[in-house]
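Numbering-wise, the sequence shown is residues -22 to -1, 1 to 466 according to mature numbering (1 follows the signal peptide of the UniProt record, and there is no 0).
No residue lacks a Cβ here, since even glycine has one placed at the ideal position from N, Cα and C.
Being a predicted model, the structure only gives us computed values, none of them experimental.
What follows is a single structure, written as structure tokens, with notes after it.
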Amino acid sequence: MKLKIQSIFCILFVPYVTQARGEIFCHEDFTNDQIIELSCSGKNLNDGNYWDTLNTTFYETELSIRAKNSVDYRNIAFYVENNRIESLNVLPFMPTVATLSFKNNRLVSGAASTFHKLPDLKHLDLSHNYFKSEFLTKYFFKGKDNEALKLEHLNLAYNSMSSLPEDLFFYLTNLISLDLGYNPLSFLTKETISAISQLRKLQVLSLAQTQLSYIPDVFFSKISVRSLYLNGNYFAEIPKSLRHLGNHLEYLNLNDNPVHEIDSQSFVGLSNLRELDMNAMEALTSIRENAFSPLVSLSILRCSYNPLLGSIHPTAFLGLKQNWNLKEIFLDDNNLRYLAEETVELKKINIFSVRGNPWNCTCSLKWLYQYVKEREKHDPEANIGIRCKYPEKLFKRWLLNVEKMLKCNETKETPSSHHFIRSSFVFVSIIIIILFLILAALYFCLVEIRQKLNTIDRQLGSHISTAAKYKRAELRDNDGILDTSEND
């Protein structure tokens, strides 16, 4: 009876307690069966009033939970976002809070053991603040009695950290995912590498938009992440140090990097990679032979929105064909005019998307027409976005509407045949040039020989003429002697 009266009291009294605070009203949401959400976001909280607000809100919620006889009340998500808090003191005792977010405040620093009174804290979001390396120490994350926190997911994105203190994560030995994206790291210092390498359980790491252009081998040799985000950096080529993650890495995001081409050495060692994102690479022009061959476990490839990507070699996926696992390929909005039919195993793919490319609708795309036509039976939108740009008379025509223009001659026109013709032309041109040079050299040699022969002839002629004169003179002398003899 006493418990029943207490429950009724809590139901009636708690709303008035919340309102009695007057200036601040935090929101409670019990609609989710798995998570109870508390929100003090956008309440203009500052260093002077946030602590009391969190403390009061949490315990009022605890009373509400007990009043409603809720069975699962161990999973509370507390959002204190979009406020004006600059520094965190030790937070109040909130034993059932599993998720806590101070996103988009003005945080610069925090006290030692800030979170040690939150024993069940698993998710912590400190993104979009002003944390700097010099104001963070390992004691910020220290747990109760110098023990490690149970924290598994930490978001430090969009702060002002140029490096990490070497022992920053000393008390975060249970961390599974870490987001350092959008911090001005520029390069990975020895201290930063040491800090991250202490996270032995780390599986997800984001270094997105951190101004990196190089990652040393030693970094990836000390961690074993399964998901890695390197998007939005300054890599001109795929980091060769990635091969040290070969037995672990399953997802890789390389979006928005100035990579020029992908070749057979780009993904060497990544035999366990299952999902690859290569979108919005504004400098990417070609994917060369055997580029994806090392990725024997690849299941999903997203390679779209690359405005200069005009060439994918027919053997780019050659190494995957023996044991084809690739099920989804997205090549949308690139600069592709041709794509050889033998490039991919269409019969083994669930999704093959090539929309938004400037296709040259000739015989070489007959296979794509047939594929799209077959897919349209199951997906009415399969043809959307697949238009011709060339030849000019087919400009902006849907691929499925130009079947008559795709008739092939006896000699099938394919990108590989174009390549062969171009290669043959170059080869023949080189041979002709070489022959021309040889003939020119022979010509000049003959001219020089002829000139020398003429010189010799002139010299011989001169000698012969002189010899003749001497001979005639000798004959005259001899005649004179004979005549004299006779007269005597």
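- In the DSSP assignment, residue 231 forms a beta bridge with 207 and 255.
- In this model, residue 172 and residue 144 are separated by some 6 angstroms (Cα to Cα).
- Around the beta carbon of residue 407, a 10 Å sphere encloses fewer than 16 other beta carbons of the protein chains shown; the residue is thus reported as exposed.
- Residue 77 sits in a strand when the DSSP states are folded into three classes.
- In the DSSP annotation of this structure, residue 380 is not part of any beta strand (DSSP E), being labelled neither H nor E.
- Within the same chain, 88, 90 and 92 come within 7 angstroms of residue 118 by CB-CB distance, once the 5 residues on both sides are set aside.
- Residue 286 is not a Cβ neighbour of residue 251, given a cutoff of 7 angstroms.
- In summary, residue 122 is exposed, with fewer than 16 beta-carbon neighbours lying within 10 Å of its beta-carbon over all protein chains present.
- By the Cβ criterion, the segment 217 to 224 is not in contact with the segment 234 to 241, since fewer than three pairs of Cβ atoms, one from each stretch, lie closer than 8 angstroms.
- Just measuring C-alpha positions, the residue of 316, 152 and 384 sitting nearest residue 99 is 152.
- Going by DSSP, residue 6 is part of the beta strand (DSSP E) stretching over 5 to 7.
- The bridge partners DSSP lists for residue 157 are 133 and 184.
- In this chain, the beta strand (DSSP E) harbouring residue 306 covers 306 to 308.
- Boundaries of the alpha helix (DSSP H) around residue 30: 28 to 45.
- Here residue 404 is exposed: its Cβ has fewer than 16 other Cβ atoms, across all protein chains shown, within 10 Å.
- Annotation for residue 367: the continuous beta strand (DSSP E) segment containing it runs 366 to 368.
- Ranking 209, 247 and 129 by CA distance to the CA of residue 230 puts 209 first.
- Taking the C-beta atoms as reference points, residue 233 is found no nearer than 7 angstroms to residue 213.
- The three-state reading of DSSP puts residue 88 in strand, counting E and B together.
- Of the residues assessed, residue 4 falls on the buried side of the cut-off, its CB having 16 or more other CB atoms within 10 angstroms.
- Rounded to the nearest angstrom, the Cβ distance from residue 288 to residue 315 is 7 angstroms, consistent with a contact under 8 angstroms.
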